[in-house]
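Undergrad:
2 protein chains.
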Amino acid sequence: MEIDERKRKILWAIIQDYIASAEPVGSRTLSRKYDLGVSSATIRNEMSDLEEMGYIEQPHTSSGRIPSELGYRYYVDYLMEPPALEQGEADLIQHEIASKIDEVDDAFAHTASLISRLTKLTSVVISQNRHSVLKMIHFLPYHKPGQIIMLTVWDDGKVENSVVDIGEEVSPQELQTLTNIFNDKVGSVSPGNLKDAVLREVHNELIQKKSLMSHLIQSVNKLMEDQEDEAVNKVFFGGTLNMINQPEFKNFEKIKDLFGVFEERHKIIGLMPRNYEGLLVQIGSENHEEVFQDCSLITATYKINGLPVGSFGILGPTRMDYGRAVAMVKFVADSLSFIISSKSYDP
Amino acid sequence: MEIDERKRKILWAIIQDYIASAEPVGSRTLSRKYDLGVSSATIRNEMSDLEEMGYIEQPHTSSGRIPSELGYRYYVDYLMEPPALEQGEADLIQHEIASKIDEVDDAFAHTASLISRLTKLTSVVISQNRHSVLKMIHFLPYHKPGQIIMLTVWDDGKVENSVVDIGEEVSPQELQTLTNIFNDKVGSVSPGNLKDAVLREVHNELIQKKSLMSHLIQSVNKLMEDQEDEAVNKVFFGGTLNMINQPEFKNFEKIKDLFGVFEERHKIIGLMPRNYEGLLVQIGSENHEEVFQDCSLITATYKINGLPVGSFGILGPTRMDYGRAVAMVKFVADSLSFIISSKSYDP
DNA sequence: ATTAGCACTCTGATCGGGTGAGTGCTAAAA
DNA sequence: TTTTAGCACTCACCCGATCAGAGTGCTAAT
Numbered sequence: 023m024e025i026d027e028r029k030r031k032i033l034w035a036i037i038q039d040y041i042a043s044a045e046p047v048g049s050r051t052l053s054r055k056y057d058l059g060v061s062s063a064t065i066r067n068e069m070s071d072l073e074e075m076g077y078i079e080q081p082h083t084s085s086g087r088i089p090s091e092l093g094y095r096y097y098v099d100y101l102m103e104p105p106a107l108e109q110g111e112a113d114l115i116q117h118e119i120a121s122k123i124d125e126v127d128d129a130f131a132h133t134a135s136l137i138s139r140l141t142k143l144t145s146v147v148i149s150q151n152r153h154s155v156l157k158m159i160h161f162l163p164y165h166k167p168g169q170i171i172m173l174t175v176w177d178d179g180k181v182e183n184s185v186v187d188i189g190e191e192v193s194p195q196e197l198q199t200l201t202n203i204f205n206d207k208v209g210s211v212s213p214g215n216l217k218d219a220v221l222r223e224v225h226n227e228l229i230q231k232k233s234l235m236s237h238l239i240q241s242v243n244k245l246m247e248d249q250e251d252e253a254v255n256k257v258f259f260g261g262t263l264n265m266i267n268q269p270e271f272k273n274f275e276k277i278k279d280l281f282g283v284f285e286e287r288h289k290i291i292g293l294m295p296r297n298y299e300g301l302l303v304q305i306g307s308e309n310h311e312e313v314f315q316d317c318s319l320i321t322a323t324y325k326i327n328g329l330p331v332g333s334f335g336i337l338g339p340t341r342m343d344y345g346r347a348v349a350m351v352k353f354v355a356d357s358l359s360f361i362i363s364s365k366s367y368d369p
Numbered sequence: 023m024e025i026d027e028r029k030r031k032i033l034w035a036i037i038q039d040y041i042a043s044a045e046p047v048g049s050r051t052l053s054r055k056y057d058l059g060v061s062s063a064t065i066r067n068e069m070s071d072l073e074e075m076g077y078i079e080q081p082h083t084s085s086g087r088i089p090s091e092l093g094y095r096y097y098v099d100y101l102m103e104p105p106a107l108e109q110g111e112a113d114l115i116q117h118e119i120a121s122k123i124d125e126v127d128d129a130f131a132h133t134a135s136l137i138s139r140l141t142k143l144t145s146v147v148i149s150q151n152r153h154s155v156l157k158m159i160h161f162l163p164y165h166k167p168g169q170i171i172m173l174t175v176w177d178d179g180k181v182e183n184s185v186v187d188i189g190e191e192v193s194p195q196e197l198q199t200l201t202n203i204f205n206d207k208v209g210s211v212s213p214g215n216l217k218d219a220v221l222r223e224v225h226n227e228l229i230q231k232k233s234l235m236s237h238l239i240q241s242v243n244k245l246m247e248d249q250e251d252e253a254v255n256k257v258f259f260g261g262t263l264n265m266i267n268q269p270e271f272k273n274f275e276k277i278k279d280l281f282g283v284f285e286e287r288h289k290i291i292g293l294m295p296r297n298y299e300g301l302l303v304q305i306g307s308e309n310h311e312e313v314f315q316d317c318s319l320i321t322a323t324y325k326i327n328g329l330p331v332g333s334f335g336i337l338g339p340t341r342m343d344y345g346r347a348v349a350m351v352k353f354v355a356d357s358l359s360f361i362i363s364s365k366s367y368d369p
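Listed in order, the protein sequences are those of chains A and B. The numbering used here puts the first residue of the first sequence at 23, with every later residue one more than the last. The numbering used here puts the first residue of the second sequence at 23, with every later residue one more than the last.
1) Taking 8 Å as the CB-CB cut-off, is K276(B) touching chain A?
2) Determine the extent of the alpha helix (DSSP H) in which H132(B) is found, giving its start and end residues.
3) Tell me the rounded alpha-carbon separation between S43(B) and G189(A).
4) For R87(A), list the residues DSSP reports as bridge partners.
5) Contact criterion: CB-CB distance below 8 Å. Does V382(A) meet it with respect to chain B?
6) Report yes if the CB atom of I32(B) is closer than 8 Å to the CB atom of L72(B), and no otherwise.
7) Using the rule of at least 16 other Cβ atoms within 10 Å of the residue's Cβ for burial, across every protein chain shown, is H160(B) buried or exposed?
8) Could you name the residues that DSSP lists as bridge partners for K256(A)?
9) Can you give me, in chain order, the residues of the region 161 to 195 of chain B that have a beta carbon less than 9 Å from any beta carbon in chain A?
10) May I ask which residues mark the beginning and end of the beta strand (DSSP E) holding G189(A)?
11) Straight-line CA distance for Q339(B) to I78(A)?
12) From Y324(A) to F334(A), what distance separates their C-alpha atoms?
13) Around the C-beta of E74(A), are 16 or more other C-beta atoms found within 10 angstroms, so that it is buried, or is it exposed?
14) Here's a check: name, in chain order, each residue in its chain whose Cβ is nearer than 6 Å to the Cβ of G86(A), leaving out the five neighbours to either side.
15) Under 8 Å Cβ-Cβ, which residues of chain A neighbour K272(B)?
16) I'd like to check one pair, E270(B) with R346(B): are the Cβ atoms closer than 8 Å?
17) Do you know offhand how far D26(A)'s Cα is from T262(A)'s?
18) Please name the residue, chosen from S184(B), V192(B), H288(B), L140(B), that lies closest to K122(A) on a Cα-to-Cα basis.
19) Report yes or no: is there a C-beta of chain A within less than 8 Å of the C-beta of G338(B)?
20) Pull up the distance between the alpha-carbon of T51(A) and that of L58(A), whole angstroms please.
21) Could you list which residues in chain A have their beta carbon closer than 8 Å to that of G282(B), in chain order?
22) Could you tell me whether the Cβ atoms of G76(B) and S53(B) are closer together than 8 Å?
23) Can you give me the Cβ contacts of S357(A) inside the same chain, cut-off strictly under 7 Å, excluding the 5 residues immediately before and after it?
24) Express the C-alpha separation of I266(B) and P104(B) in angstroms, rounding to a whole number.
25) T321(B) lies in the beta strand (DSSP E); which residues open and close that run?
26) What residues are listed by DSSP as bridge partners for Q38(B)?
27) According to the Cβ coordinates, are Y344(B) and M102(B) closer than 8 Å?
28) Spell out a yes or no on whether the region 308 to 328 of chain A and the region 284 to 300 of chain A are touching, meaning 3 or more CB-CB pairs, one atom from each, closer than 8 Å.
29) For I123(A), which three-state DSSP category applies?
30) With V283(B) as the anchor, note down where its alpha helix (DSSP H) starts and where it stops.
31) Cα separation between A35(B) and T64(B)?
32) Does chain A have any CB closer than 8 Å to the CB of E285(B)?
33) Hey, how far is the Cα of L17(A) from the Cα of E311(A)?
34) Just tell me which of F353(A), I361(A), S364(A) has its CA closest to the CA of E108(A).
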């Protein structure tokens with residue numbers, strides 16, 4: 023059977039209505055609320071066809087229809103047209119991202135929170151370090167003997183510090199020397215390519231301080247591995263509470279499972295595509311986390327200098343306003359790319 | 023009316039039973055389950071007295087009784103005896119705190135998580151910086167002109183960094199000089215006492231670089247104020263999901279409000295006593311956050327060198343196992359004090 | 001091909017009786 | 001005087017019956 027123009031219109035109307043009401047929608051409702059130009063009986067026949075084709079389904083005999091995953095998929099791919107954001111909203115978002123840009127983490131957290139307020143859905147930002155590049159490293163004295171502070175500066179503006187064991191006492195002057203040596207060599211390394219060449223070269227220069235150096239190199243190495251390891255990806259949620267308001271989660275078990283997953287951040291990371299360029303809409307069971315079977319996830323990566331460095335996503339029930347969410351995700355990802363790039367170290 | 027031994031026994035039994043079952047407890051249940059040596063009729067009379075005295079109440083006529091806040095208060099103050107923790111649990115806790123001690127924040131987060139698993143309640147750690155003392159400060163070059171990295175080391179071992187605007191370009195050598203000057207002066211300042219004297223002195227030494235210095239001083243000042251400001255207190259939750267399992271929260275509105283408060287961390291900070299020495303049990307409306315009217319909060323501060331630097335607490339429904347919770351809070355606060363002190367800078 | 005009409009289905013809300021745990025009171029027993 | 005047995009009474013909760021409303025599928029007329 024072909025899906026003709028009238029069927030498309032009816033499917034569109036069903037989804038539109040179901041998104042708004044969360045109630046199964048019947049033929050009479052459609053003929054009343056939407057100007058389809060045919061009677062409810064005709065709509066009934068068409069709906070029967072649409073059901074047979076798998077685009078909609080009936081929770082039980084004699085109830086209205088709800089869209090199936092296939093129906094949503096068709097809607098997203100062919101029917102909806104993402105509306106442009108209102109200028110006010112757009113400004114708000116860009117302002118939010120830009121204003122906190124000196125504390126990148128804050129910017130992410132605030133953006134997630136803002137978007138979830140605007141959409142009444144849950145939003146997620148993942149910041150991955152995989153592609154960020156080390157720009158500078160400093161070794162500084164710490165007040166415990168045998169330990170020093172290692173501070174790293176990355177090309178996306180991030181600054182991080184950690185305390186590392188080096189097993190012996192070193193004077194501030196020596197640390198300064200070490201810092202200089204490392205920075206001379208560091209140039210532009212990303213987690214993947216530092217390991218051998220550079221480290222060995224540094225090692226040779228300070229062969230006389232062998233044990234110290236091997237400690238340091240180990241630390242740097244470990245830092246790099248940590249950066250590479252997706253476990254250090256940071257996850258920021260906004261509006262997790264909004265899920266409670268969704269009628270499909272009026273159920274304690276579901277809420278508990280859902281919040282359980284929110285706490286286990288790595289599961290979220292697994293769901294967000296990180297290298298896929300462009301926008302991805304995952305509907306219902308298209309994502310593989312059991313708890314999210316009733317949810318859809320709309321994501322896009324943001325990039326620095328063309329390389330994806332994280333992703334932004336909106337999570338909601340399968341019955342969500344895809345148009346608006348898609349528009350929002352696109353806009354946020356682009357804004358993040360633009361603003362973070364403008365802040366990042368010039369190549 | 024006096025509360026005699028038998029009444030105490032009955033009150034104790036009521037609370038004991040209610041804590042376990044979450045159901046109003048009746049006279050017959052008591053006479054069956056507890057060896058009180060009197061008939062249910064007698065217990066009924068005593069319960070009637072206890073109600074009149076305000077220690078228990080009846081949700082509705084012809085239901086069993088539940089403890090009132092006054093009842094819990096009496097129980098906590100006079101009836102219960104906090105059991106010692108099992109050795110295994112104690113070891114587990116100390117190990118958890120000690121193992122992550124190089125990343126203090128991680129230690130807090132893990133401890134909160136562990137305790138909530140052990141108690142099936144929610145736990146909170148607040149780390150406040152109010153009393154920590156600045157040990158060292160470093161100014162380091164950043165890759166954006168007009169900005170530098172400021173790194174601070176505190177006596178509790180914390181290391182923090184931030185990027186600050188200084189409005190002009192400064193060479194690494196100059197930054198080194200500034201670092202030296204500041205560190206000479208810093209000695210041991212806590213957020214409260216740095217402000218005037220020290221800063222002005224530094225200022226005089228570098229009067230020729232006036233604008234730069236004023237920027238720097240502003241930044242340091244701001245940092246100190248931020249530290250003083252309770253907004254930067256960090257809050258770590260563990261087991262917030264446990265609240266969902268409590269029968270008193272089988273209600274969507276309550277759950278939503280509760281999680282709303284968990285997200286607004288400053289409200290929690292307001293509830294936790296920060297200077298009170300020793301252990302505090304707040305029952306029901308004794309805390310002033312509306313959402314927590316059905317909750318009790320048991321807290322203690324932990325200290326470094328005798329000064330409170332944060333607090334640990336367990337949050338649960340008023341109907342919670344006070345004995346175990348109190349034992350737990352005491353033990354955790356003491357362990358935190360001990361282990362963090364042992365790590366902190368020697369005075 | 002479309003529509004009006006109708007019988008039928010299913011959900012969800014409402015109502016009323018029955019059950020069981022619990023109480024307060026009274027009068028008898030200790 | 002205190003304790004206990006006995007009894008009438010209260011309420012929350014469960015269960016089944018009933019009813020209205022929304023929706024469907026089918027048939028016959030347009």
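The C-beta atom is built at its ideal place from N, Cα and C for all residues, glycine as well.
TA: With the structure as the only source:
1) Translated into the one-based positions of the second sequence, residue 276(B) becomes position 254. Answer no: the Cβ-Cβ gap between K276(B) and chain A never drops below 8 Å.
2) Working through the second sequence from its first residue, we reach residue 132(B) at position 110. Note, H132(B): alpha helix (DSSP H), 126 to 141.
3) Position 21 of the second sequence, counting from 1, holds the residue named residue 43(B). Position 167 of the first sequence, counting from 1, holds the residue named residue 189(A). S43(B) and G189(A): Cα-Cα distance of roughly 55 Å.
4) In the first sequence, the residue the question calls residue 87(A) occupies position 65. DSSP, once it has assigned bridges, lists V47(A) as partnering R87(A).
5) Nothing about residue 382(A) can be read from this structure; chain A reaches only from 23 to 369.
6) The sequence position of residue 32(B) within the second sequence is 10, counting from 1. The sequence position of residue 72(B) within the second sequence is 50, counting from 1. By the CB criterion at 8 Å, I32(B) and L72(B) fall inside the cutoff.
7) Indexing the second sequence from 1 puts residue 160(B) at position 138. Classification of H160(B): buried, given that the 10 Å Cβ count is 16 or more.
8) Within the first sequence, residue 256(A) is the residue found at index 234, counting from 1. Per DSSP, S149(A).
9) The region 161 to 195 of chain B vs chain A, Cβ under 9 Å: L162, P163, Y164, H165, K166, Q169, I171, L173, V175, D177, G179, V181, E182, N183, S184, V185, V186, D187.
10) Locating residue 189(A) in the first sequence gives position 167, counting from the first residue. First-last for G189(A): undefined, no H or E at that position.
11) Position 317 of the second sequence, counting from 1, holds the residue named residue 339(B). Position 56 of the first sequence, counting from 1, holds the residue named residue 78(A). The question names Gln, but residue 339(B) is Pro in the sequence shown. Their Cα atoms are separated by approximately 44 Å.
12) What you label residue 324(A) is simply residue 302 of the first sequence in a count that begins at 1. What you label residue 334(A) is simply residue 312 of the first sequence in a count that begins at 1. The C-alpha of F334(A) is placed about 7 Å away from the C-alpha of Y324(A).
13) Taking the first residue of the first sequence as 1, we reach residue 74(A) at position 52. By the 16-neighbour rule on beta-carbons within 10 angstroms, E74(A) is exposed.
14) Position 64 of the first sequence, counted from the start, is the residue given in the question as residue 86(A). So the list reads P46, V47, G48, once near-sequence residues are dropped.
15) The sequence position of residue 272(B) within the second sequence is 250, counting from 1. Those are F274, listed as they occur along chain A.
16) The count along the second sequence starts at 1 and reaches residue 346(B) at position 324. The count along the second sequence starts at 1 and reaches residue 270(B) at position 248. Taking 8 Å as the Cβ cut-off, R346(B) and E270(B) do not qualify as a contacting pair.
17) Within the first sequence, residue 26(A) is the residue found at index 4, counting from 1. Within the first sequence, residue 262(A) is the residue found at index 240, counting from 1. Approximately 39 Å, taken between the alpha carbons.
18) Counting from 1 along the first sequence, the entry for residue 122(A) is found at position 100. Closest by alpha carbon: S184(B).
19) Position 316 of the second sequence, counted from the start, is the residue given in the question as residue 338(B). No, G338(B) lies away from the interface with chain A (no Cβ there is under 8 Å from its Cβ).
20) Stepping through the first sequence from its first residue, residue 51(A) is reached at position 29. Stepping through the first sequence from its first residue, residue 58(A) is reached at position 36. One alpha carbon belongs to T51(A), the other to L58(A), and they sit about 11 Å apart.
21) As a position in the second sequence, residue 282(B) is number 260, starting the count at 1. Contact annotation for G282(B) against chain A: L263 [CB-CB distance below 8 Å, chain order].
22) Walking along the second sequence from the start, residue 76(B) turns up at place 54. Walking along the second sequence from the start, residue 53(B) turns up at place 31. Remark: C-beta atoms of G76(B) and S53(B) do not approach each other more closely than 8 Å.
23) Taking the first sequence and counting its residues from 1, the one referred to as residue 357(A) is at position 335. Excluding positions up to five away in sequence, the list reads I115, Q116, I119.
24) The residue you call residue 104(B) lines up with position 82 of the second sequence. The residue you call residue 266(B) lines up with position 244 of the second sequence. Between P104(B) and I266(B), the C-alpha separation is close to 26 Å.
25) Sequence index remark: in the second sequence, residue 321(B) carries index 299 (1-based). Counting along the chain, the beta strand (DSSP E) containing T321(B) begins and ends at 317 to 326.
26) Here residue 38(B) refers to the residue found at position 16 of the second sequence. Paired residues: none, contrary to the question.
27) Along the second sequence, read from residue 1 onward, the residue named residue 344(B) stands at position 322. Along the second sequence, read from residue 1 onward, the residue named residue 102(B) stands at position 80. For Y344(B) and M102(B), yes; Cβs fall inside 8 Å.
28) These segments touch.
29) Against the first sequence, residue 123(A) aligns to sequence position 101. I123(A): coil per DSSP, three-state reduction.
30) Residue 283(B) sits at position 261 when you count from the first residue of the second sequence. It spans 274 to 285 - the alpha helix (DSSP H) in which V283(B) sits, taken as one unbroken run.
31) For the purposes of this step, residue 35(B) is identified with residue 13 of the second sequence, where counting begins at 1. For the purposes of this step, residue 64(B) is identified with residue 42 of the second sequence, where counting begins at 1. Approximately 15 Å between the Cα atoms of the pair.
32) In the second sequence, residue 285(B) corresponds to position 263, counting from 1. Interface with chain A (8 Å Cβ-Cβ cutoff): E285(B) is included.
33) Chain A is shown from 23 up to 369; residue 17(A) falls before or after that span and cannot be answered.
34) On the first sequence, residue 108(A) is found 86 positions in, with the first residue counted as 1. Among F353(A), I361(A), S364(A), the Cα nearest to that of E108(A) belongs to F353(A).
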